[in-house]
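Structure, as structure tokens:
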Amino acid sequence: MIKAVLWDVDGTMAETESEGHRVAFNKAFELNDVPWRWDVPSYGELLKVTGGFERLMHDMRTRSDVPVQVNEREALARRIHHRKNEIYADLIRSPGIPLRPGVREMFDECRTRGVTMGIVTTTSRVNVQALLSKHLGPDWAQWFGVMVCGENVAMKKPAPDAYEEALQRLSLDPLQCVAIEDSPGGVASAQAAGVPVVVTRSVYFAQATVEDVIAIGPGLHQRAGWQPEPQAGSSEARVTLDDLVDWQSRMEYVSQHDSSI
Ligand code: XBP
Ligand code: MG
């Protein structure tokens with residue numbers, strides 16, 4: 106039996122990247138009087154760099170209209186990133202971004218059946234707070250037995266640090282857990298810590314190559330389109346905790362390769 110379900114946040118719990126973080130970054134650029142804007146496709150490329158601050162620093166290295174001094178560049182990036190997170194929290198409050206379908210049901214099922222949930226993310230804690238307080242109410246943190254965010258680790262995903270930290274805090278072995286992820290970086294991070302991974306495809310990583318996961322599918326809300334197929338005979342229309350347990354015990358590793366390259 107699984108002891109803990111470890112959740113990624115952005116892309117997995119909610120589609121927060123395009124209309125959340127990206128829009129907030131663009132607004133923060135505007136308010137900081139810089140002419141940069143990230144459109145939907147180019148932000149998809151930038152998502153290969155995990156962590157909003159790191160993503161911004163990476164993008165700034167490709168631009169000529171940035172402070173020459175590294176410390177000034179970094180200070181500007183910190184200012185913009187801080188403002189971005191404030192704007193992101195406002196966006197999450199209103200108009201809001203829904204949880205992906207099937208996520209709330211899996212949260213409820215884990216709680217009812219006494220399976221610990223953990224948050225393992227490269228995003229900042231304030232962003233998790235904004236999203237989950239909106240959807241789960243003021244006691245949202247009590248839903249989770251552990252929370253590891255970007256600021257809690259030396260190396261963000263795809264490094265294993267975030268998952269290793271969560272396992273250590275929970276005193277669990279990797280094979281007592283399942284990670285739910287959407288991105289290749291997140292998958293790599295969980296795998297490097299030895300945690301079996303279930304992938305729910307997100308908008309930005311719909312095509313991305315994913316290798317050696319225990320299941321991959323379009324989302325927790327439906328049983329169709331999953332590989333391996335969920336077990337027969339469920340009365341539910343969605344993926345359930347029993348399906349996670351079943352995939353975890355079967356350990357039939359599956360891969361999907363990017364067909365666009
Ligand atoms: C995804 C990320 C995050 C967000 C921005 O995190 O890479 O960096 O895009 O967050 P995950 P910050 O999928 O692991 O939840 O600006 O707070 O870094
Ligand atoms: Mg993600």
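When we follow the working numbering, the leftmost residue of the sequence shown carries the number 106, and every step to the right adds one. Glycine included, every Cβ here is placed at the ideal spot set by N, Cα and C.
Contact check between the stretch 261 to 279 and the stretch 162 to 178: fewer than three CB pairs, one atom from each, fall below 8 Å, which does not count as touching. For the 9 Å CB-CB criterion, residue 121 and residue 185 do not form a contact. By the C-beta density criterion, residue 330 is exposed, having fewer than 16 other C-beta atoms within 10 angstroms. If you compare the alpha carbons of 286, 298, 143 and 188 with that of residue 229, the shortest gap goes to 188. DSSP places residue 321 in the strand class (E or B) of the three-state scheme.
Less than 9 Å divides the Cβ of residue 192 from the Cβ of residue 133. Across the set 320, 298 and 334, the C-alpha of 320 shows the shortest separation from the C-alpha of residue 359. Contact fails between the stretch 171 to 181 and the stretch 289 to 309, because fewer than three Cβ pairs, one in each stretch, are under 8 Å apart. Taking a 10 Å sphere around the C-beta of residue 247, we find fewer than 16 other C-beta atoms and assign the residue as exposed. Each residue's CA atom was taken as its position, placing residue 256 and residue 338 some 43 Å apart. Residue 129 holds the alpha-carbon nearest to the alpha-carbon of residue 145 among 108, 156, 245 and 129.
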